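**Q** Before I ask anything, here is the structure I am working with.
Residue numbers (our numbering): 8 to 82.
What follows is the structure, given as C-alpha cells:
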C-alpha cells in the first residue's frame, strides 16, 4: 500500500474521532488502528511518522505513542 493511501486512511480515522471528546480522540484513533490494521500497515505508518509525519493529521501523530509497534519481520 502506498504511503499516500495509508496516510489518507489514517486521516479518515482521525476525522471520525474528532467528533469525540478531546480526551478520547487520540485513544480512539490508536484503538481503531490497533484493532483493524495488520502489522504491515502499522509498520508503514511508523515509517511515515519517523520520516516527518508528512501528510498525517496531527491527531494521528498524537495517537502514535498508543499504537502498537509491529514485531520486526524475520529474514
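Idealized CB from N, CA, C, for every residue including glycine.
Treat the numbers as computed from the prediction; the structure is a model and nothing was measured.
Examine the Cβ distances between the region 56–68 and the region 11–25 and report whether three or more of them are shorter than 8 Å.
**A** Yes, they touch.
**Q** Confirm, please, whether the CB-CB distance from residue 37 to residue 56 is below 8 Å.
**A** Taking 8 Å as the Cβ cut-off, residue 56 and residue 37 do not qualify as a contacting pair.
**Q** Check for me: the alpha helix (DSSP H) holding residue 22 runs from which residue to which?
**A** Note, residue 22: alpha helix (DSSP H), 10–24.
**Q** Taking the alpha carbon of residue 80 as the reference point, which residue from 16, 13, 45 has its own alpha carbon closest?
**A** Selected option, being the one with the closest Cα: 45.
**Q** Could you give the DSSP three-state label for residue 58: helix, strand or coil?
**A** In the structure shown, residue 58 sits in coil (DSSP, three-state: anything other than H, G, I, E or B).
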